[in-house]
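Start counting the sequence shown at 53; every next residue gets the next number (our numbering). Structure first, then comments.
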Amino acid sequence: MMSVPSWIPRLERERLAILPPAPAIDAPDIADRVRGMLLGVAIGDALGNRSESMNPAEREAKYGRIVGYLPSRYADGAPAGTPSDDTQLTFRAVEQLLADGALVPDELAFRIANDRIFGIGRSTRDFCNALRTGAPWWEATQLSAGNGALMRIAPTVLPHLLKGGTDVWYDTALSAAVTHNDAMAISSSVAWIALLWRLLNGDLPEAPAEWLETYTEVLRVLDHGQSYESRVQSGALQHWRGSLSAMLDTQVRDAVRRGVSVRKTGEQWYSGAYLLETVPAVLHILAQHGHDPKEAMLVAVNDTRDNDTIAAIVGAAMGAAHGTAWIPEDWRSGLLGRVNGDDVGKVFELTELAIGRFLG
53 MMSVPSWIPR LERERLAILP PAPAIDAPDI ADRVRGMLLG VAIGDALGNR SESMNPAERE
113 AKYGRIVGYL PSRYADGAPA GTPSDDTQLT FRAVEQLLAD GALVPDELAF RIANDRIFGI
173 GRSTRDFCNA LRTGAPWWEA TQLSAGNGAL MRIAPTVLPH LLKGGTDVWY DTALSAAVTH
233 NDAMAISSSV AWIALLWRLL NGDLPEAPAE WLETYTEVLR VLDHGQSYES RVQSGALQHW
293 RGSLSAMLDT QVRDAVRRGV SVRKTGEQWY SGAYLLETVP AVLHILAQHG HDPKEAMLVA
353 VNDTRDNDTI AAIVGAAMGA AHGTAWIPED WRSGLLGRVN GDDVGKVFEL TELAIGRFLG
């Protein structure tokens with residue numbers, strides 16, 4: 053019989069044990085906040101994935117300022133909200149939680165790898181290929197600091213909403229490690245869940261710097277001593293090395309204080325799929341536009357490179373913070389809601405099932 057390691061994530065349990073228990077969620081509109089969080093992922097992904105990875109200036113020259121869904125070959129060339137990996141993997145995580153009632157890493161791994169993924173990232177692709185050869189997930193997982201775990205991590209809160217506690221931190225670490233068993237991938241995901249938890253409870257940061265501090269106060273506990281190198285080839289961050297929290301505490305905090313635009317800072321730290329780029333872009337957007345969810349989404353879509361994933365992550369936060377009332381009608385009605393293939397409406401169905409299952 054195969055022996056399962058007692059603790060798989062490349063982040064010490066002792067660090068997670070320092071975090072205080074998450075309080076039970078008591079926001080009266082929690083159902084709409086959860087709905088907004090999940091739909092925000094799908095909408096952000098769909099708004100961005102037709103122009104993913106473009107330089108923002110080149111994107112603007114081609115499309116102008118994107119304010120709605122672009123034509124999609126998966127919708128016969130019509131403007132429509134179609135999914136890529138951000139939506140698919142988020143809602144496969146929802147499906148796993150609905151089926152089992154709690155995180156089961158083996159089942160999550162199976163669901164991730166069991167069907168086609170549109171726009172799949174390299175690390176997730178390598179994980180899927182290894183899993184399909186028969187490797188257990190803890191051997192198939194990748195030592196990757198890409199954003200593929202962070203983008204799908206939001207549903208981890210669902211089984212814990214009504215009771216709170218510390219298990220949500222351990223579940224988040226384990227869920228992230230299924231595909232991305234890297235210390236920064238795990239610590240950034242746990243800090244993100246802590247921020248989402250605060251937003252779901254109706255506790256919105258008031259000042260721009262407070263968005264940043266809410267995230268970094270958890271991250272500092274988890275990433276102390278971690279060291280990663282920037283891949284920026286010029287400027288102040290060329291050869292920069294340190295932790296993600298150090299990047300946020302210095303470069304991003306300074307940009308927020310000075311009111312530098314998200315597009316401009318994208319030239320400074322890039323805004324790609326590496327977590328040293330994705331997370332600064334996300335937190336910068338939230339600090340500047342967290343009280344204007346539509347504008348936050350549009351900045352994510354138009355002013356970053358990995359714009360579908362960054363918009364999906366920002367969308368989760370904006371939905372958790374503001375529910376669904378802010379979502380423009382054309383964004384909601386134009387979202388096809390697919391997860392796999394032609395399952396139109398599946399995103400909406402799974403969202404309502406999750407609300408019913410985990411909020412009673």
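Heads up, the beta-carbon is just placed ideally off N, CA and C, and yes, glycines get one too.
Between the alpha carbons of residue i and residue j, how many angstroms are there, rounded?
i, j, result
"Val146", "Ser241", "16 Å"
"Leu99", "Asp137", "13 Å"
"Leu183", "Glu191", "8 Å"
"Lys114", "Glu347", "20 Å"
"Lys398", "Leu289", "42 Å"
"Ala69", "Asn392", "37 Å"
"Leu122", "Val93", "17 Å"
"Asp358", "Glu66", "33 Å"
"Ser103", "Asp81", "34 Å"
"Trp249", "Asp84", "14 Å"
"Gly294", "Ala127", "44 Å"
"Thr142", "Ile238", "16 Å"
"Ser323", "Phe410", "34 Å"
"Ile205", "Gly287", "32 Å"
"Pro157", "Ala130", "37 Å"
"Leu213", "Ile407", "10 Å"
If residue i and residue j are in contact, beta carbons under 8 Å, what's the gap, nearest whole angstrom?
i, j, result
"Ala62", "Ala235", "Checking the sequence shown, residue 62 turns out to be Arg, not Ala. 5 Å between Cβ atoms; contact."
"Val396", "Ile365", "Going by Cβ atoms, the distance from Val396 to Ile365 rounds to 24 Å, so no, they are not a contact pair."
"Ala414", "Val353", "The chain is shown only over 53 to 412; residue 414 falls outside these bounds and no answer can be derived."
"Thr403", "Leu150", "Actually they do not touch by this definition, with Cβ atoms about 11 Å apart."
"Asp355", "Arg315", "4 Å"
"Ala229", "Thr193", "6 Å"
"Ser379", "Ile118", "It should be pointed out that residue 379 corresponds to Ile in this sequence rather than to Ser. Contact flag wrong, Cβ pair sits at about 16 Å."
"Leu327", "Ala197", "5 Å"
"Thr330", "Asp301", "Wrong, their Cβ atoms sit about 17 Å apart, outside the cutoff."
To which residues does DSSP link residue i through a beta bridge?
i, result
"His232", "Gln194"
"Tyr280", "Gly294"
"Pro123", "Pro131"
"Leu387", "Gly133"
"Ala74", "Gly217"
Could you spell out where the alpha helix (DSSP H) holding residue i opens and where it closes?
i, result
"Ser136", "Run containing Ser136: none; DSSP gives neither H nor E here."
"Thr317", "Val314 to Trp321"
"Glu47", "A question about residue 47 goes unanswered here, because the residues of the chain that appear run from 53 up to 412."
"Lys215", "Premise fails: Lys215 is in no alpha helix (DSSP H) and is neither H nor E."
"Pro332", "Leu327 to His341"
"Glu110", "Pro108 to Tyr115"
"Arg309", "Arg305 to Arg310"
"Leu91", "Ile82 to Gly100"
"Thr176", "Arg174 to Arg184"
"Arg409", "Lys398 to Leu411"
"Gly371", "Asn359 to His374"
"Pro157", "Pro157 to Ala165"
"Val270", "Pro260 to Asp275"
Is residue i near the ligand HEM, going by C-beta to nearest heavy atom under 7 Å?
i, result
"Ala145", "Absence of the ligand HEM from the depicted structure is noted, as is the absence of any ligand whatsoever, leaving it without description."
Query raised in the report: Is the number of C-beta pairs between the stretch 198–215 and the stretch 364–377 that are closer than 8 Å three or more?
Result: The stretch 198–215, when compared against the stretch 364–377, does touch it at the 8 Å Cβ threshold.
Query - Segment contact flag, the stretch 261–270 with the stretch 337–347, C-beta cutoff 8 Å, min 3 pairs - result: For the pair of segments examined, the stretch 261–270 was found to touch the stretch 337–347: the number of CB pairs separated by less than 8 Å reaches three.
Report task. Could you tell me whether the stretch 168–186 touches the stretch 194–208, using the rule of 3 or more Cβ pairs below 8 Å? Result -> With a cut-off of 8 Å, the stretch 194–208 and the stretch 168–186 count as touching, because enough Cβ pairs lie within range.
Query raised in the report: Does the pairing of the stretch 150–167 with the stretch 105–112 give three or more beta-carbon distances under 8 Å?
Result: In short, these stretches do not touch, since the Cβ pair count stays below three.
Query raised in the report: Does the stretch 277–285 come within contact of the stretch 245–255, defined as at least 3 CB pairs closer than 8 Å?
Result: No: the two stretches stay apart, fewer than three of their Cβ pairs being nearer than 8 Å.
**Report entry** Sufficient close CB pairs (3 or more, under 8 Å) joining the stretch 68–87 to the stretch 213–231
**Finding:** Yes, the stretch 68–87 is in contact with the stretch 213–231.
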